[in-house]
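Visitor: One structure is given below, represented as structure tokens, and several questions about it will come after.
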């Protein structure tokens, strides 16, 4: 799901920009991607998704024992990162969803970052 | 439509395995005799692996795949998946299609140790102390009434059944009474495995399910102590071996139970520490913890069932949040273990032995079912519990599986010298087999009915 | 986004005896049009059929999401239906559908429509939830269970 | 009880080997050489085994053979799954020529040494048919080289993807060739062995081969259906994954072939009819690679018998020296042929890493010792392990020498 033409949110006036935070998710298991995307849509959070590779996957590619060909086809290692700027309240809803309704084994790593200045975000 | 593909895949896998084993059974590595000598090019003799051992690898794979499909098929016909696993085990067993040979059973039953420990861990994890505190009186009343009424009822009925089925000659002499008491004790046994498997499979974590589990586990703890006493006394009558004094029997039971509970606490703390501190590779850790409990308990003469239940209870009630990941992993791993455990239980059911005495066994199963229903209903009324879930609680106390089978095999080993051992084991296995097949379906219906009753009550309120 | 505010008991119904998809759509459209100002049941039914013609909104889990965007509406309307018996939805549809969530939304706010669809998907995702909804005794029970499932999610 | 003890040590070692801390330790050349070769696991295996501290007795080892079947079936399916036509089509031609060159060089060089050594070792009075399988093992384990390229990197060798792929991909192809070559020859060897006649029982081995190919096709087709039925539930996936791996490994062992051969064919079929569910299965299989690798090495250490007579040791030494000569000449031949390619390849091609033995050799030797656990086969496993250690050390030594010869190119990888 590539960049959806700017992230749209229910905002009113510039003062709201102060309660926007950045949500960063590292999704290691592809199976949990569907649930996360559905939840983000439900809470009205847009985002940008990039393919990523964990340290272990990188090292495994460099130090294969039996499966040397796997590194030839650099297909997605299956892990993805999601970057999203959204109101704190919706981001909190998202984190509650991850903690409350996702299995431990399939939970992504999620961090929120406070923001100083934002440009180009279509509200 | 999908079930046609499922059946086709099951047949394809089974037929292919049979063709390989029949067609290529005579190759140099696999041979019928236990393990013969071969000579290698250096002229040094070596023992070839026994056929049973070589075939265990493929049999485990076949059982996992085919039992999984059979479970899905059973669910499509509103049956419990456990019945599917058992059915396929019987079908592929040494007394039916003989895809899996009798010589593989000793190696396959290694999964029993893993399964009993895993099931007991899950059972321990399902019990909430808050639930026990609020309802221990109900649980204890029902369990004790049910245990003693089934025990005494069966002990009175069994001499006749054993006599009619020709297992014991005379009627009221010490031998048949001793045999009847042992069989009656095993008739009391239940199966936490079936209760948990059906609850997990139907996602119905209702209060009736939790009550059923608490009663089943409480009964099994009482049963273990009861069984040790009865077996000690009865075996001395049957084989006239006077090696055990009654005083030492009581002592061994106390050590046996006390030691198991203490070991359970230690194991629970160790597992909680690993899950809390290391957190990684939980899958491998769970498998090894279960193997560890099973084999350590065997070595230290403890009861693996009690050790694991106490450990599970401890972890779930003292560190509920941290242990969530552990119990999630346990649930993932329980599926392949259930498939294998119940399939192997099915393999061990001897259809030939069943064919000669099935009608007597069925008679006793019906009588036992009646006893269980009556005693549970009485216990329920006595405990004066309010809500209506009690009406179907008895359906959880009918199924029998691993623990009953384990006790039956202990009986056949202990009574081995006397001629009555084999037919008694056959009779016990027949009774357990019927309970294994009927039980899960009955409990699935009971669970659904009790839930609809409690919901009807909610909507009225 | 909560489903509860959009779930009115009047628009939560158990449709019995409809053997085809169109009959079910017609019954639901008739009930929905009663709550909409500027559209007749027949027009709404036609719009729904046009949408289904593009690509059937049935799912392998037996839950259908027919929807229509109507210009000039000021709010989104949801009609939750339990179909008894289940109906064959379309040629080659993966399975008969017995749960139907009809969504009639504002055409100038498609983003809100997507959010509602995501919410419904989350609610009916687990087989346990679907079984609970399918075992509803009547429309009131169906509404109570839908509210309970909605509250079970963040 | 001791079986459980050894498995626990085995898994504890596997857990440590795949922990983060150890990955960082691999950055230094010697550490990554040591660890990726799996030698720590082999040492622990030997220490615990019947010849070391006797924690694991002979009888327990045979009792653990279903575990060996599972692990080798896992490796076979892992190797087979990546031999997908879409991957093979993307491999440039020079890589294939390098592999064909390696096969020819090895059959001639190592093959002759192995034939002479084996005949001498068995003092000539056994019929030739029995020595086909051991010969095939020594040749197959000499194919290819270690695919680990992490220890390659330092300032002197320019680091870019194509150079490392030029070393890693041919070795991966060589390990597939090794499994197929050994699988086929083992079938012929075993069938002739049972009939005990000079003439090769080609008919019976063709029958066995047909059965193994049928197994691969049956498993590929049913595997795909099972994987889609398992869907996204992790419990179902685990049941189907373990079922597939043990079923194919077990049945190919019963067809008197190594579990690796049957599992690789099954992985190949499954990989080429791939759906999303099969890709999820592949991820499950490949992610456990390092854990399974450590278990394979540990089981090899437990099973190997190092009581080699003088002849055995001479055979091992000869194999090492011939391997060094062969691999360096192969690389020089490849460098001459590839003059058209970017000059950046030439320093890498002369790099002694190609001397290191491919880990598939240990898996092949372990599978032979599993199918027929004779003392001879356990000593062959011992030889393969010795050749592996010696080749690793020789590669490190030669790399140090080449550094001293061209000092300007910097020292140890940081």
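Residue numbers (my numbering), protein chains in the order written: chain A, 54 to 176; chain B, 29 to 489; chain C, 616 to 769; chain D, 2 to 415. Idealized CB from N, CA, C, for every residue including glycine.
Straight-line CA distance for residue 371 of chain B to residue 445 of chain B?
Guide: The sequence position of residue 371 of chain B within the second chain is 343, counting from 1. The sequence position of residue 445 of chain B within the second chain is 417, counting from 1. Their Cα atoms are separated by approximately 30 Å.
Visitor: Assign residue 366 of chain D to one of three DSSP states: helix, strand, or coil.
Guide: Walking along the fourth chain from the start, residue 366 of chain D turns up at place 365. DSSP places residue 366 of chain D in helix when its eight states are reduced to three.
Visitor: Looking at the C-beta of residue 117 of chain A, does it have a partner C-beta in chain D at a distance below 9 Å?
Guide: Within the first chain, residue 117 of chain A is the residue found at index 64, counting from 1. Residue 117 of chain A counts as touching chain D.
Visitor: Which class does residue 359 of chain D belong to by DSSP, given the choice of helix, strand or coil?
Guide: Residue 359 of chain D sits at position 358 when you count from the first residue of the fourth chain. Looking at residue 359 of chain D - three-state DSSP - the assignment turns out to be coil, as it is neither helix nor strand.
Visitor: Please state whether the Cβ-Cβ distance between residue 177 of chain B and residue 399 of chain B is less than 9 Å.
Guide: In the second chain, the residue the question calls residue 177 of chain B occupies position 149. In the second chain, the residue the question calls residue 399 of chain B occupies position 371. It is a contact, given that the beta carbons lie within the stated cut-off.
Visitor: Ordered along the chain, which non-local residues of its own chain (more than five positions away) have a Cβ less than 6 Å from that of residue 713 of chain C?
Guide: Reading the third chain from its first residue, position 98 is the one you call residue 713 of chain C. Same-chain partners within the cutoff: 677, 698 and 701.
Visitor: Measure from the C-beta of residue 39 of chain D to each C-beta in chain A and report whether the shortest distance is under 9 Å.
Guide: On the fourth chain, residue 39 of chain D is found 38 positions in, with the first residue counted as 1. So yes, residue 39 of chain D belongs to the interface.
Visitor: Exposed or buried, residue 344 of chain D, counting other C-beta atoms within 10 Å across all chains shown (16 or more means buried)?
Guide: Within the fourth chain, the letter at position 343 stands for residue 344 of chain D. Any reading at residue 344 of chain D is ruled out, since the residue's pLDDT is 49, under 50, leaving its predicted position unreliable.
Visitor: According to DSSP, is residue 264 of chain B helix, strand or coil?
Guide: As a working mapping, residue 264 of chain B is identified with position 236 in the second chain. Looking at residue 264 of chain B - three-state DSSP - the assignment turns out to be helix.
Visitor: Specify the secondary structure class of residue 222 of chain B as computed by DSSP and reduced to three states.
Guide: For this step, residue 222 of chain B is matched to residue 194 along the second chain. Residue 222 of chain B: helix per DSSP, three-state reduction.
Visitor: In chain order, which alpha helix (DSSP H) runs of at least 4 residues are fully inside the segment 43 to 88 of chain D?
Guide: Qualifying alpha helix (DSSP H) stretches, in chain order: 59 to 64 and 66 to 83.
Visitor: Which residue's Cα is closest to the Cα of residue 658 of chain C: C:628, C:703 and C:684?
Guide: Counting from one through the third chain, the residue named residue 658 of chain C turns up at place 43. When only C-alpha atoms are compared, the closest one is C:684.
Visitor: Residue 169 of chain D and residue 121 of chain A - do their beta-carbons sit closer together than 9 Å?
Guide: Along the first chain, one-based indexing puts residue 121 of chain A at 68. Along the fourth chain, one-based indexing puts residue 169 of chain D at 168. Yes, the Cβ-Cβ distance between residue 121 of chain A and residue 169 of chain D is below 9 Å.
Visitor: Mind listing which residues of the segment 351 to 369 of chain B have their C-beta closer than 8 Å to chain D's C-betas, in chain order?
Guide: Listed by position, the residues of the segment 351 to 369 of chain B near chain D (Cβ gap below 8 Å) are 359, 360, 361, 362, 363, 364 and 367.
Visitor: One question on the structure: do residue 431 of chain B and residue 221 of chain B come within less than 9 Å of each other, judged by their Cβ atoms?
Guide: One-based indexing of the second chain puts residue 431 of chain B at position 403. One-based indexing of the second chain puts residue 221 of chain B at position 193. Their beta carbons are under 9 Å apart, which means residue 431 of chain B touches residue 221 of chain B by this criterion.
Visitor: What residues in its chain sit with their C-beta under 8 Å from that of residue 168 of chain B, if we drop five residues either side in the sequence?
Guide: Indexing the second chain from 1 puts residue 168 of chain B at position 140. Correct list, in chain order: 246.
Visitor: Can you tell me whether residue 77 of chain B is helix, strand or coil according to DSSP?
Guide: Here residue 77 of chain B corresponds to residue number 49 of the second chain, with the count starting at 1. Three-state DSSP puts residue 77 of chain B in coil, outside helix and strand.
Visitor: State buried or exposed for residue 690 of chain C, treating a residue as buried only when at least 16 other CB atoms are found within 10 Å of its CB.
Guide: Start at 1 with the first residue of the third chain, and residue 690 of chain C comes out as number 75. It is exposed - the Cβ of residue 690 of chain C has fewer than 16 other Cβ atoms within 10 Å.
Visitor: Might you give, ordered along the chain, the residues of its own chain that have their beta carbon closer than 8 Å to the beta carbon of residue 243 of chain D, omitting 5 neighbours on each side?
Guide: In the fourth chain, the residue the question calls residue 243 of chain D occupies position 242. Excluding positions up to five away in sequence, the list reads 71.
Visitor: List the DSSP bridge partners of residue 628 of chain C.
Guide: Along the third chain, read from residue 1 onward, the residue named residue 628 of chain C stands at position 13. Bridge partners of residue 628 of chain C: C:696.
Visitor: So residue 107 of chain D is in the beta strand (DSSP E); what residue range does that whole segment cover?
Guide: As a first step, residue 107 of chain D must be located in the fourth chain, where it is residue number 106. Per DSSP, residue 107 of chain D belongs to no beta strand (DSSP E); it is in the alpha helix (DSSP H), 94 to 122.
Visitor: Using the DSSP secondary-structure output, state which residues sit across from residue 167 of chain A in a beta bridge.
Guide: Position 114 of the first chain, counted from the first residue, corresponds to residue 167 of chain A. Partner(s): A:74.
Visitor: In whole angstroms, give me the CA-to-CA distance for residue 148 of chain B and residue 138 of chain A.
Guide: Residue numbering aside, residue 148 of chain B sits at position 120 when the second chain is read from its first letter. Residue numbering aside, residue 138 of chain A sits at position 85 when the first chain is read from its first letter. So the alpha carbons of these two residues sit roughly 47 Å apart.
Visitor: For residue 314 of chain D, is the classification buried or exposed, using 16 other Cβ atoms within 10 angstroms of its Cβ as the cut-off for buried?
Guide: Counting from one through the fourth chain, the residue named residue 314 of chain D turns up at place 313. Residue 314 of chain D comes out exposed.
Visitor: Under 9 Å between the Cβ atoms of residue 113 of chain B and residue 367 of chain B?
Guide: For the purposes of this step, residue 113 of chain B is taken as residue 85 along the second chain, with counting starting at 1. For the purposes of this step, residue 367 of chain B is taken as residue 339 along the second chain, with counting starting at 1. A contact, by the Cβ cut-off of 9 Å.
Visitor: Identify which residue in B:361, B:259 and B:244 has its Cα closest to the Cα of residue 236 of chain D.
Guide: The sequence position of residue 236 of chain D within the fourth chain is 235, counting from 1. Considering only alpha carbons, the answer is B:361.
Visitor: In whole angstroms, what separates the C-alpha of residue 392 of chain B from that of residue 186 of chain B?
Guide: Position 364 of the second chain, counting from 1, holds the residue named residue 392 of chain B. Position 158 of the second chain, counting from 1, holds the residue named residue 186 of chain B. Roughly 8 Å separates the two Cα atoms.
Visitor: Just checking: is the beta-carbon of residue 729 of chain C within a distance shorter than 9 Å of some beta-carbon in chain A?
Guide: Sequence index remark: in the third chain, residue 729 of chain C carries index 114 (1-based). With 9 Å as the cut-off, residue 729 of chain C counts as an interface residue toward chain A.
Visitor: Taking residue 292 of chain D as part of the alpha helix (DSSP H), name the residues at either end of that continuous run.
Guide: Taking the first residue of the fourth chain as position 1, residue 292 of chain D is located at position 291. Where residue 292 of chain D is concerned, the enclosing alpha helix (DSSP H) stretches over 290 to 304.
Visitor: Which chain D residues sit within Cβ distance under 9 Å of residue 122 of chain A?
Guide: On the first chain, residue 122 of chain A is found 69 positions in, with the first residue counted as 1. Going along chain D in sequence order, the residues near residue 122 of chain A (Cβ under 9 Å) are 80, 83, 84, 85, 88, 89, 92, 169, 170, 173, 174 and 177.
Visitor: Assuming residue 187 of chain D and residue 259 of chain D form a contact by the criterion Cβ under 8 Å, report the distance between their Cβ atoms to the nearest whole angstrom.
Guide: Counted from its first residue, the fourth chain places residue 187 of chain D at position 186. Counted from its first residue, the fourth chain places residue 259 of chain D at position 258. Rounded, the Cβ-Cβ distance is 6 Å, consistent with contact.
Visitor: Just tell me which of C:632, C:769, C:753 and C:768 has its CA closest to the CA of residue 695 of chain C.
Guide: The residue given as residue 695 of chain C occupies position 80 in the third chain. Minimum Cα distance to residue 695 of chain C is reached at C:753.
Visitor: Closer than 9 Å, CB to CB, is residue 83 of chain A near chain D or not?
Guide: Stepping through the first chain from its first residue, residue 83 of chain A is reached at position 30. By this cut-off, residue 83 of chain A is an interface position.
Visitor: Which value, in whole angstroms, describes the spacing of the CA atoms of residue 90 of chain D and residue 99 of chain D?
Guide: On the fourth chain, position 89 is the one that residue 90 of chain D refers to. On the fourth chain, position 98 is the one that residue 99 of chain D refers to. Whole-angstrom Cα-Cα distance: 16 Å.
Visitor: List the whole-angstrom C-beta distance separating residue 636 of chain C from residue 704 of chain C, where the pair is believed to meet the contact cut-off of C-beta under 8 Å.
Guide: Sequence index remark: in the third chain, residue 636 of chain C carries index 21 (1-based). Sequence index remark: in the third chain, residue 704 of chain C carries index 89 (1-based). Right, their Cβ atoms sit about 5 Å apart.
Visitor: Skipping 5 residues on each side, what residues in its chain have a beta carbon closer than 7 Å to that of residue 378 of chain D?
Guide: On the fourth chain, residue 378 of chain D is found 377 positions in, with the first residue counted as 1. So the list reads 369 and 370, once near-sequence residues are dropped.
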